[in-house]
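These notes are about the structure you will find just below.
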Amino acid sequence: SLITGISWIPQVYAGVFEVGVGFSYSKTNYSHNSYSWQRRIGMSFGYHFTELSGFELSYADVLYRTYIQDYQNTTTKDRIYSMNWIQSFLPSKIPVQPFVKVGVGQLNRNATGSYYNGLVSPPAAVDAVTGILGAGMKIFISKQISFNLEATTYLSRGSIRTWKDNVSFEAGSSFYF
Numbered sequence: 015s016l017i018t019g020i021s022w023i024p025q026v027y028a029g030v031f032e033v034g035v036g037f038s039y040s041k042t043n044y045s046h047n048s049y050s051w052q053r054r055i056g057m058s059f060g061y062h063f064t065e066l067s068g069f070e071l072s073y074a075d076v077l078y079r080t081y082i083q084d085y086q087n088t089t090t091k092d093r094i095y096s097m098n099w100i101q102s103f104l105p106s107k108i109p110v111q112p113f114v115k116v117g118v119g120q121l122n123r124n125a126t127g128s129y130y131n132g133l134v135s136p137p138a139a140v141d142a143v144t145g146i147l148g149a150g151m152k153i154f155i156s157k158q159i160s161f162n163l164e165a166t167t168y169l170s171r172g173s174i175r176t177w178k179d180n181v182s183f184e185a186g187s188s189f190y191f
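Be aware that the sequence shown starts at 15, since it is given in this note's numbering, and climbs by one per residue.
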């Protein structure tokens, strides 16, 4: 028949929901009494309306702690809320899926502490709209579970020149239903 002879008819794709969690931690010791560390927890909820495209709502909670004896004693807490477009490059049949994301978000930053033995303080609060860029890969363990690796940057005031200022790496998992 005519319909079975046409091979370019696209497949119908039923939407898939994704719930993701991620975590990262890093620490640097500068000397016996001087250090800095960062802890990041991320959560996301996404909807994939095609096999390769979707969007996500995400939240990240980031805590930075720096103590450099006689120079800096600061704690900074970031909360980032964002909406992102997710674009994968390989069909879901492939167990490793690279992806990129682009979005817009709200950065809420609170800082305490001081520099130069208390002479200068960091800005107490910063609330700014930010651009989001990211790339990563999902390694599917099953159709419903993936292990994720992701790098994300927050573009202060939307400027691409600031991409190096807020780069984070995160490992996590996603669950699909």
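Even glycine gets a Cβ: it sits at the ideal position worked out from N, Cα and C.
- If you look at Ile55, you'll find it in the beta strand (DSSP E) that goes Ser48 to His62.
- A distance below 8 angstroms separates the beta carbons of Gly56 and Gly186.
- About 15 angstroms separates the CB atoms of Ile153 and Pro105; that is not less than 8 angstroms, and the two are not in contact.
- In the three-state DSSP reduction, Ile94 falls in the strand class (E or B).
- In chain order, Tyr49, Ser50 and Trp51 place their CB closer than 8 angstroms to the CB of Thr42, counting only its own chain and leaving out the 5 sequence neighbours on each side.
- In the same chain as Leu71, and ignoring 5 residues on each side of it, the C-beta atoms closer than 6 angstroms to its own belong to Phe59 and Met97, in chain order.
- The Cβ atoms of Leu133 and Asp92 lie no closer than 8 angstroms to each other.
- Nearest C-alpha to Gln101 among Thr90, Gly117 and Thr89: Gly117.
- Residue environment: Gln111 is assigned as buried (16 or more neighbouring CB atoms within 10 Å of its CB, all protein chains considered).
- For Ile153, the enclosing beta strand (DSSP E) begins and ends at Ala139 to Phe154.
- Per the C-alpha coordinates, the member of Ser128, Gly119 and Phe183 positioned closest to Arg53 is Phe183.
- Leu163 is bridged by DSSP to Met151 and Ala185.
- With contacts defined by Cβ atoms closer than 8 angstroms, Ser135 and Asn162 do not form a contacting pair.
- Separation of the CB atoms of Phe63 and Gly36 is rounded to 23 angstroms, and the pair is thereby denied contact status at 8 angstroms.
- Per DSSP, the beta-bridge partners of Lys115 are Ile100 and Gly148.
- For Asn122, the secondary structure class from DSSP, reduced to helix, strand or coil, is strand.
- Where Thr176 is concerned, there is no enclosing beta strand (DSSP E), because DSSP gives it neither an H nor an E.
- By the neighbour-count criterion, in which 16 or more other beta carbons inside 10 Å mark a residue as buried, Tyr39 falls on the exposed side.
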